[in-house]
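Colleague: Its first residue numbered 75, the sequence shown is counted upward by one per residue in my numbering.
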Amino acid sequence: MVRANGAVSLRELARVVQTSEVTVRRDVRALEAEGLLDRRHGGAVLPGGFTRETGFPQKPHTATAEKTAIADLAAGLVEEGEAIVVGAGTTTQELARRLARVPGLTVVTNSLLVAQALAHANRVEVVMTGGTLRGSNYALVGSGAEQSLQGLRVSRAFLSGSGLTAERGLSTSNMLSASVDRALVQAAAEVVVLADHTKLGTDTMFQTVPTDVMTRLVTDKPPPHEDRAGTELQALADQGVQITVAGMTPAGAAEAPAPVQGAGGARGGSGEKGRGRRDVPMPGQRRNLPPGGGGSPAPQLRSAPALPEQSPVAGRVADLAPRRR
Numbered sequence: 075m076v077r078a079n080g081a082v083s084l085r086e087l088a089r090v091v092q093t094s095e096v097t098v099r100r101d102v103r104a105l106e107a108e109g110l111l112d113r114r115h116g117g118a119v120l121p122g123g124f125t126r127e128t129g130f131p132q133k134p135h136t137a138t139a140e141k142t143a144i145a146d147l148a149a150g151l152v153e154e155g156e157a158i159v160v161g162a163g164t165t166t167q168e169l170a171r172r173l174a175r176v177p178g179l180t181v182v183t184n185s186l187l188v189a190q191a192l193a194h195a196n197r198v199e200v201v202m203t204g205g206t207l208r209g210s211n212y213a214l215v216g217s218g219a220e221q222s223l224q225g226l227r228v229s230r231a232f233l234s235g236s237g238l239t240a241e242r243g244l245s246t247s248n249m250l251s252a253s254v255d256r257a258l259v260q261a262a263a264e265v266v267v268l269a270d271h272t273k274l275g276t277d278t279m280f281q282t283v284p285t286d287v288m289t290r291l292v293t294d295k296p297p298p299h300e301d302r303a304g305t306e307l308q309a310l311a312d313q314g315v316q317i318t319v320a321g322m323t324p325a326g327a328a329e330a331p332a333p334v335q336g337a338g339g340a341r342g343g344s345g346e347k348g349r350g351r352r353d354v355p356m357p358g359q360r361r362n363l364p365p366g367g368g369g370s371p372a373p374q375l376r377s378a379p380a381l382p383e384q385s386p387v388a389g390r391v392a393d394l395a396p397r398r399r
C-alpha cells in the first residue's frame, strides 16, 4: 500500500489488515528499523524524507473525521459578503460544503471539487481560474490558472497541502500545484492553512506557504502518543502562527477546551455566545505587521456552529500561544 500510494495512514492499514492500530504501529516501527519505510504522524511513507502525493481515490478516506472537524471550524472564520480564495484538496472540499450556507460570499478557486460543492448555492458566487485540468486532484493548474489570478485581491485564502513543518511551512509534492497555490496566496490579505495532524512534521518537495506568511493554522488535536506533532505545533506558534485546534469528542459529550500554556499562562475557552458557538481571542500581532501598529483590540475568532447531535464527532477550539522567551 505504501509503494502504491506513497503514504498511508495507520487507520487505513489497520482496516485493511483487520487488526488494531496499536499492532500496526508496532509493525511499522519494525519496518522502519529495516529501512523499508519512514514513520510519519498517524501513518507511514516511502523512505527518503520527501513523500509522494497520495492518489486522490485514497485521500477522502484518510483522516475523514479530522477533516470534517477542521472544515467546521474554518467555516466559522468566513463572514457574509466576503471574497475568498479556496485551493484544491479534500479538506478544502469539506470546507466548501459548509460555505454554501454563507450568503453573499464570493469564492475564487482552481478546484473542480470545490466548485461542485458550491454549484447549487444560489447565494454564493463561484469564480473559477483558467488552466489545465490535473486529473489526479481535479484542479486547474499551469500558466492559465496563474495568469487568471493576477490583479486579484481577497480577504483570505484557505489552502491545504501534503505536508507542514515549522521550518518550511506548507508544501506539496507537485510543482504545478505548488505554483498555483503560491499565486492564490499572493491574492489574499490573510492565509489560513487547513491541515490534519497526519501532515504535521511531513516535508514534501515544493514549498507553497512559508511559515512567516501563514496567518492561521486550523488542525485537529494530535493523539497523545504523537509527541512530534505537539512539538511542531508549538514551533509554529513560536513563529507567530495562530493555531486553532479542533478536538474530537463523542456526540453529546461536553468537553471544554484544554488549557494550553503560552506567553500569557493557561488559556481556555472564553465562554459561549449563542448556542453551539464559542468565541476565542486571537493571539497577539503577527510579526509582519508594523511595530506598534494597530491599537485596536484583537479580533474574535467565531467558530462554526456545533455539529448535529447525530454526528459522530463535535469540534472544539483551543488557541496555542507562543512560549515565553
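Glycine is no exception: its CB is placed at the ideal position from the N, C-alpha and C atoms.
1. What distance in whole Å lies between the Cβ atoms of Val176 and Ala261, which are believed to be in contact at a cut-off of 8 Å?
2. From the DSSP output, in three-state form, read off Ala240 for me.
3. State yes or no: is the C-beta of Asn184 within less than 8 Å of the C-beta of Ala162?
4. How many angstroms separate the CA atom of Gly225 from the CA atom of Arg103?
5. Only counting runs of 4 or more residues, tell me where the alpha helix (DSSP H) segments fall wholly within the segment 176 to 232, in order along the chain.
6. In whole angstroms, what separates the C-alpha of Val90 from that of Arg171?
7. Going by DSSP in three states, Ala337 sits in which element: helix, strand or coil?
8. In whole angstroms, give me the CA-to-CA distance for Arg273 and Arg230.
9. Can you look up Ser253 in the DSSP assignment and give me helix, strand or coil?
10. Using a beta-carbon distance below 8 Å, is Val188 in contact with chain D?
11. Buried or exposed for Thr93, going by 16 or more other Cβ atoms inside 10 Å?
12. Taking the CB atoms as reference points, tell me whether Val200 and Ala189 lie closer together than 8 Å.
13. Who does Arg171 pair with in a DSSP beta bridge?
14. Between the segment 232 to 248 and the segment 280 to 292, do three or more beta carbon pairs fall short of 8 Å?
15. What residues match up with Val283 in a beta bridge as DSSP calls it?
16. Output the distance between the C-alpha atoms of Thr318 and Leu233, rounded to the nearest integer angstrom.
17. Measure the Cβ-Cβ separation of Ala191 and Ala174 and say whether it is below 8 Å.
18. Quick check: does the Cβ of Leu105 come within less than 7 Å of any heavy atom belonging to the ligand SAH?
19. Going by beta-carbon coordinates alone, are Gly275 and Arg302 separated by less than 8 Å?
20. Is it true that the CB of Val228 sits closer than 8 Å to the CB of Val254?
21. Could you check whether Gly204 and Ala219 sit closer than 8 Å to each other, using their CB atoms as the reference points?
22. Quick one: what does DSSP say Gln92 is sitting in, helix, strand or coil?
Modeller: On the basis of the supplied data:
1. For the purposes of this step, residue 261 is taken as the residue at position 187 of the sequence shown. For the purposes of this step, residue 176 is taken as the residue at position 102 of the sequence shown. Not really, about 19 Å apart at Cβ, beyond 8 Å.
2. Here residue 240 refers to the residue found at position 166 of the sequence shown. Correct three-state label for Ala240: coil.
3. Taking the sequence shown and counting its residues from 1, the one referred to as residue 184 is at position 110. Taking the sequence shown and counting its residues from 1, the one referred to as residue 162 is at position 88. Yes, these two residues count as a Cβ contact at 8 Å.
4. The residue given as residue 225 occupies position 151 in the sequence shown. The residue given as residue 103 occupies position 29 in the sequence shown. Roughly 49 Å between the two C-alpha positions.
5. Here the runs fully enclosed are 186 to 192 and 217 to 222.
6. Position 16 of the sequence shown, counted from the start, is the residue given in the question as residue 90. Position 97 of the sequence shown, counted from the start, is the residue given in the question as residue 171. Inter-residue distance for Val90 and Arg171 is about 29 Å (C-alpha atoms, whole angstroms).
7. The residue given as residue 337 occupies position 263 in the sequence shown. In this predicted model, Ala337 has a pLDDT of only 36, less than 50, meaning its place in the structure is not dependable; the value taken from the coordinates is given anyway. DSSP places Ala337 in coil when its eight states are reduced to three.
8. Looking up residue 273 in the sequence shown gives position 199. Looking up residue 230 in the sequence shown gives position 156. For the record, residue 273 in the displayed sequence is Lys; it is not Arg. Taken atom to atom, the span from the alpha-carbon of Lys273 to that of Arg230 is near 22 Å.
9. The sequence position of residue 253 within the sequence shown is 179, counting from 1. In this structure, Ser253 counts as helix in the three-state DSSP scheme.
10. The structure shown contains no chain D, having only a single protein chain.
11. For the purposes of this step, residue 93 is identified with residue 19 of the sequence shown, where counting begins at 1. So Thr93 ends up on the exposed side.
12. Here residue 200 refers to the residue found at position 126 of the sequence shown. Here residue 189 refers to the residue found at position 115 of the sequence shown. Here Val200 is near Ala189, since their CB atoms are less than 8 Å apart.
13. Here residue 171 refers to the residue found at position 97 of the sequence shown. Bridge partners of Arg171: none, in fact.
14. In short, these stretches touch, since the Cβ pair count reaches three.
15. The residue labelled residue 283 in the question sits at position 209 within the sequence shown. Beta-bridge pairing by DSSP links Val283 to Leu244.
16. The residue you call residue 318 lines up with position 244 of the sequence shown. The residue you call residue 233 lines up with position 159 of the sequence shown. Approximately 15 Å between the Cα atoms of the pair.
17. If you number the sequence shown from 1, residue 191 lands on position 117. If you number the sequence shown from 1, residue 174 lands on position 100. Taking 8 Å as the cut-off, the beta carbon of Ala191 is found closer than this to the beta carbon of Ala174.
18. Ligands in the displayed structure: none, and consequently the ligand SAH is not present.
19. In the sequence shown, residue 275 corresponds to position 201, counting from 1. In the sequence shown, residue 302 corresponds to position 228, counting from 1. Going by C-beta atoms, Gly275 is nearer than 8 Å to Arg302.
20. Stepping through the sequence shown from its first residue, residue 254 is reached at position 180. Stepping through the sequence shown from its first residue, residue 228 is reached at position 154. Contact: no.
21. By 1-based counting over the sequence shown, the position of residue 219 is 145. By 1-based counting over the sequence shown, the position of residue 204 is 130. Yes. Within cutoff.
22. Counting from 1 along the sequence shown, the entry for residue 92 is found at position 18. The answer is coil: DSSP assigns Gln92 none of H, G, I, E or B.
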